[in-house]
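J.:
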Amino acid sequence: MTLTLPSGLLAAALLFWGWRTELWPLALPMALILELAPRVHWRWALDDKALARVIDLTALLWVGALMLLFTRYLNQPPLATHLYTLASWFPLLLFPPLAIQRYSTAGTFRLGHLFYSLRRSRSELAGRLLKLELSYFVVCLLAASVTAQPGYLLGAGPLLFWLLIAARPRRYRWPLVVALSLAACLAAWPLSFSLHRLQLDMEDRFTEWFQDWLVDFDPYRSSTSLGDIGELKLSDRVVLRLKPMSGDRGPWLLRAASYNSYFDGVWLAKGVHFTRLAPQGDGREWRLSAAPERASRHLSINLELRQGAGMLPLPANAWRLKQLPAGELQLSSLGALKASEGPGLVDYRVEYEPESPVGEKSGEFDLTLPRREQVTLQRLADELGLTGQPPAVAAAKIRAFLLGQFRYSLDLPAPTPGLTALETFLLHKRAGHCEYFATAAVLLLRAAGIPARYAIGFSVSEYSSLEEAYVARRRHAHAWALAWLDGHWQDFDATPPDWMSFEEKRAPWYQGLGDLWDWLSHQFSRWRWREATGDEEDNRWLWGLAGLLAVILFWRLLRRQRIRRLPVKNPPAMIIRPGAESPFYQVLEQLALQRGSRPQGETLECWLRRIGAWETPGMADMAGQHQRWRFDPDGLPLEEQQRLANAVALLKTGPARFPP
Amino acid sequence: MRHPLLRLYAAVYRPGHFLRQHLTPLGGWLFGGWIAAGAFGVNTRVGMTYQLFVLLTVLFAITFIISRFGQLTVTARRQLPRFATVNQPLRYRLALHNSGARVQRDLSVFDELRDAPLFSATLGHLPTYRQWSRWTTWARGTNSVAHALPVLPPGATTEAELTLTPLRRGRLEFATLSFGRPDPLGLWKRLFHQPLADRLLVLPRRYPVPPLHFHDGRRYQRGGVNLAQSVGEEDEFVGLREYRPGDPPRRIHWRSFAKRGEPIVKEFQDEFFVRYGLLLDSFAAGVDDACFETAVSAAASIATAERGPEALLDLLFVGDRAYCFTAGRGLGQTEQLLEILACATPRRDQAFSQLFSMVAGHAPELSACVCVLLNWDEERRQLLNLLRGQGVEIVALVIGPLATPPESGIRVVTAETLATELARLT
């Protein structure tokens, strides 16, 4: 079965392709050539050999195009660009056979013309006819789509629906077809954009997953995005849950690691050494330092540990951890806490006292400036008048400088030639993300003679009513400075405080769904690690899920049973009689019901005359057609069958036309 | 079907088969476009191909869902002939009845066939996918081609003509009749299956053969021919005569004995008539299926050749055991021989010597024998000598090509030369 395209559709598709690919000069004559074919009254009488040569010529065109693109690829990768270029040439490369098909007496190709292996074959496959119009139409739509120019659906949609409406099965009425086409278009419009967004999100997810596996918080080294170009992308996945136990409302800076040496965008922890802690009490209690004199505050932190190991984010001056079932806990000399041999999910309690400093002292690296940025930093310190100032005053000036003259941005601009990324940030761009601010703050503090370190972890301030806890997303990962002020380390966050709302605005529209998924995953993790976390109280949701599955299973079983119960009906025995399908029988049945059935031996015409139905307009014609359908050896032509059906339908549905 | 590779073939074949059955021609082309759009639209940052992909996805999804609604009120009955022939298009009729209240149009129909059990295990080696695919179609017996149905008015009964081309001999097992109803946009066909089991015997392909005339005349038929009708000289009653000592008492004609008062016996005459043998060599060790098909085709052509009203034809071959079927003189019709040949299978696990004893038993009754051999070797040469030794005139065809030429008088035929050689057969 071959499908004939409506007149003008191919030309429209070609013009659409020309518009999209800016190949107007080619598309216009090609469209004209195709559309003029029905109006031209001559055809080429091409034999099989000539038709095969047309295919050979097309193959040569393809080879030439491929060689050209391959040469270009050698000079200018990547390959994908050239493949898209090739795709945009498809209508041009396939035009010769289509034009020949339209202008040849054959009017079609055979499959044997396309394949050398079938050229001499006389098989049914080789002789199968191949009309190229429909495939060419699809190719035009495809070729028009490879450019990034917007408005594709506005052209492709109507063209496709023109085809569908023209080729629709006649058993359906056109309003249904139009309604379906419109529904498809209306659904495709937002879905295509969602697909685009989904791909971007999947890329983020993949990057994040990759980072999760390969780049965890490293107590020795932290690579920043300083100097990277592009746009910083961070995902919305919830990675930490926090519940304050003493009525705090946050925000909290939870430090996972800190570093003391900077070089070219990388922070390192030099001279760091780890001390293994011994568990106390029930084996899940860990003392980080001596108990403070004042009453402590409490936090409950819920965190996933990959393979049972990782850095534990802690608030400043944490001194004791409880309910932490880790096999081993090590405290670094820079204050980072590393857990190992633990479960996949930990839910520990932290006791801390912000006002009572505990922990490590200042070290030799905490005042070192990087050699490359040293001059710039000293000059800035001089300009800000930091030299000779008390530490608290100098720190306040630095904070005011960074908060007042810099703005938060996730764009990663290229560094100014001759300057490092940090210098570009400090001197020219004055915009960046938290890593820039934290690094600048640490190094300016050091330039002012204040020992400082670079800390990374999470800033937690978002409350989730779904989770009933404060949550930290991946994009809430934060960097800040630690300053040695008043004899202890203090958090010194110089990032503009609006950074959280800035990040919030960039959240995708479907974040709610992502949150729901995170919550479900978390519930599953809690159930999975319920023994380790001591969280065995609430499995109702699982029972609910099991109940739902049971209902679905039951419904399916019931449905299957219902299908089985249906007996297999044998087709009724039929006697094949010519004209048995004549709709005039319905009229005869109706007349027999109204005026008595026709006795045996009485002809149809006699009976109709006797009961007075013969005089009904059209009855004589209908009866004649009916008799011919039944008894004429040639049968009744289809047109007359249709006419008879229409007349019967009119008689049945119209006003009663039988005489009383 | 236990080999993992064959399972993999089946897994690859199934989706394609599903799409071929369920997509309309328009749907097929757009489905190709959908695949291409998926390939080019993988990167949504480059180009807008993903929009075409989404648009086609939505179209296919919507139409597929909509096509699942509604029922079909058309039933059909197949009117098959008794026989078909390999590679010869067969036309048969379908009686259709629309019991619903709306006109049914744009319907298509095709027959679904079962794999014949006879052929389900004959693929010996591990095939390539292409070979497996062809073999699957061949084992099923024919390609299922969808036919468009005429418009069916409400309550109407009509007929449609369907065509199929059998690809192999043997029985074709029709399982169901599948009606295809297109969706409103004409992309998918929803299939409605009507169980409608039928069988059709496909006879081997036959070629014209001239009338069989051999030089040797009639032969004595020991014991006569059971069930033979009164044509020719048969071992039947020919008259009465007086009793002679030594006559068996069961031949006494008791009525005449009572009438005459002395024993009268019935006299019979021995049977002499022309009996031809058609020997089909089914020992196909080392011979491929195509050669065997050629041999069966040759045997079928010879079996249908004109041989005179009084001649018998014995078909001799070894299947699961040795068979001898006789046709002619009221014993059986030629079409019964063809039915037997339609179901003949090659033997690869038995020795050729089995044919010896059967041929030796029948040789004295045969006037001439046409031997269709699958190979030429010492055993086959001895068989022909055995027949010659019994005075049987021989015409031998060996299905070739052969590495070594046989002795003179033996004809080597191939699938290509079969028609020519049979036309020259005397």
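Sequence order for the protein chains is C and Y. If you're matching positions, the first sequence starts at 1 in the working numbering and goes up one per residue. If you're matching positions, the second sequence starts at 1001 in the working numbering and goes up one per residue. Where a beta carbon is used, it is the ideal one built from N, C-alpha and C, also for glycine.
#1: If you compare alpha carbons, which of Asp-282/C, Gly-308/C, Arg-320/C is closest to Ala-290/C?
#2: Does chain C have any CB closer than 9 Å to the CB of Asp-1106/Y?
#3: Along the alpha helix (DSSP H) that carries Asp-518/C, what are the first and last residues, could you check?
#4: Can you tell me whether Cys-1324/Y is helix, strand or coil according to DSSP?
#5: Give the residues of chain C in contact with Gly-1186/Y, contact being defined as C-beta atoms less than 8 Å apart.
#6: In chain order, what residues of the same chain have a beta carbon less than 8 Å from the beta carbon of Leu-566/C, not counting five sequence neighbours either side?
#7: Could you work out which residues of chain Y lie near Phe-587/C, taking near to mean beta carbons separated by less than 7 Å?
#8: To the nearest angstrom, report how far apart Tyr-1276/Y and Gln-1333/Y are at their CA atoms.
#9: Hey, how far is the Cα of Leu-9/C from the Cα of Ala-52/C?
#10: DSSP puts Phe-1192/Y in a beta bridge; with which residues?
#11: With a Cβ-Cβ cutoff of 9 Å, do Leu-1185/Y and Thr-1063/Y count as a contact?
#12: Should Glu-639/C be flagged as near chain Y, meaning a C-beta pair shorter than 9 Å?
#13: Looking only at C-alpha atoms, which of Leu-1355/Y, Leu-1152/Y, Val-1412/Y, Glu-1335/Y sits nearest to Ser-1108/Y?
#14: Could you check whether Val-1413/Y and Thr-1294/Y sit closer than 9 Å to each other, using their CB atoms as the reference points?
#15: So is Pro-150/C in contact with chain Y if we call contact Cβ pairs under 9 Å?
#16: Any C-beta of chain Y sitting closer than 9 Å to the C-beta of Leu-651/C?
#17: At the level of alpha carbons, what is the spacing between Ala-1095/Y and Arg-122/C?
#18: Given this structure, state the Cα-to-Cα distance separating Pro-1263/Y from Ala-1342/Y, to the nearest angstrom.
#19: Can Leu-134/C and Leu-3/C be called in contact, C-beta distance under 9 Å?
#20: With 9 Å set as the bound, which would you pick, yes or no: does the beta-carbon of Arg-1068/Y sit closer than that to a beta-carbon of chain C?
#21: Is DSSP giving Gly-1373/Y helix, strand or coil here?
#22: Tell me whether Arg-562/C is buried or exposed, calling it buried when 16 or more other Cβ atoms sit within 10 Å of its Cβ.
#23: Please give the ranges of any beta strand (DSSP E) in the stretch 1281–1361 of chain Y, keeping only runs that are unbroken, at least 3 residues long and fully inside the region.
#24: Going by alpha carbons, who is nearest to Ala-143/C out of Thr-58/C, His-626/C, Leu-14/C?
#25: When Cβ atoms are compared, which residues of the stretch 495–515 of chain C fall closer than 7 Å to chain Y?
#26: Is there a C-beta anywhere in chain C that falls below 9 Å from the one on Asp-1349/Y?
#27: Does the separation of the CB atoms of Gly-457/C and Leu-254/C fall below 9 Å?
#28: Could you check the C-alpha separation between Ala-336/C and Ala-431/C for me, to the nearest Å?
#29: Pro-91/C CB to nearest chain Y CB: under 9 Å?
#30: Taking the straight line between their C-alpha atoms, what separation do you get for Met-574/C and Ser-1144/Y?
#31: Check this for me: beta carbons of Pro-91/C and Ile-55/C, under 9 Å apart or not?
#32: Buried or exposed: Leu-1338/Y, going by 16 or more other Cβ atoms within 10 Å of its Cβ?
#33: Going by beta-carbon coordinates alone, are Tyr-152/C and Arg-20/C separated by less than 9 Å?
#34: Looking at chain C, is there any beta carbon in it that lies within less than 9 Å of the beta carbon of Trp-1132/Y?
#35: Below 7 Å on C-beta distance, what does His-626/C contact in chain Y?
#36: Spell out whether any CB of chain Y is found under 9 Å from the CB atom of Gly-18/C.
T.: Considering the structure as presented:
#1: Arg-320/C
#2: yes
#3: 511–528
#4: strand
#5: Leu-164, Ala-167, Arg-168, Pro-169
#6: With a pLDDT of 38 at Leu-566/C, under the threshold of 50, the predicted position of this residue should be treated as unreliable, though the coordinate-derived value follows. Answer for Leu-566/C: no residue qualifies.
#7: With the sequence shown as reference, residue 587/C is identified as Val, and Phe is not the correct amino acid for it. Within 7 Å Cβ-Cβ: nothing; Val-587/C doesn't reach chain Y, min ~13 Å.
#8: 15 Å
#9: 27 Å
#10: Phe-1179/Y
#11: Going by C-beta atoms, Leu-1185/Y is nearer than 9 Å to Thr-1063/Y.
#12: No, Glu-639/C lies away from the interface with chain Y (no Cβ there is under 9 Å from its Cβ).
#13: Put simply, of Leu-1355/Y, Leu-1152/Y, Val-1412/Y, Glu-1335/Y the residue whose alpha carbon is nearest the alpha carbon of Ser-1108/Y is Leu-1152/Y.
#14: yes
#15: yes
#16: With 9 Å as the cut-off, Leu-651/C does not count as an interface residue toward chain Y.
#17: 34 Å
#18: 54 Å
#19: yes
#20: Chain C contact via Cβ: absent.
#21: A small fix is needed here, since residue 1373/Y is Leu in this sequence, not Gly. It is a strand residue.
#22: Because Arg-562/C sits at a pLDDT of 42, beneath the cut-off of 50, its placement in the model cannot be relied upon, and the point is left open.
#23: Runs found: 1312–1318, 1322–1327.
#24: Ranking Thr-58/C, His-626/C, Leu-14/C by Cα distance to Ala-143/C puts Leu-14/C first.
#25: none
#26: Not closer than 9 Å to any Cβ of chain C, the Cβ of Asp-1349/Y fails to qualify, so no.
#27: yes
#28: CA-to-CA, the gap between Ala-336/C and Ala-431/C works out to about 29 Å.
#29: no
#30: Any reading at Met-574/C must be qualified, since the residue scores a pLDDT of 49, below 50, and its modelled position is unreliable; no value is offered.
#31: no
#32: buried
#33: yes
#34: no
#35: Those do not exist, as His-626/C stays about 13 Å from chain Y at its closest Cβ, beyond 7 Å.
#36: no
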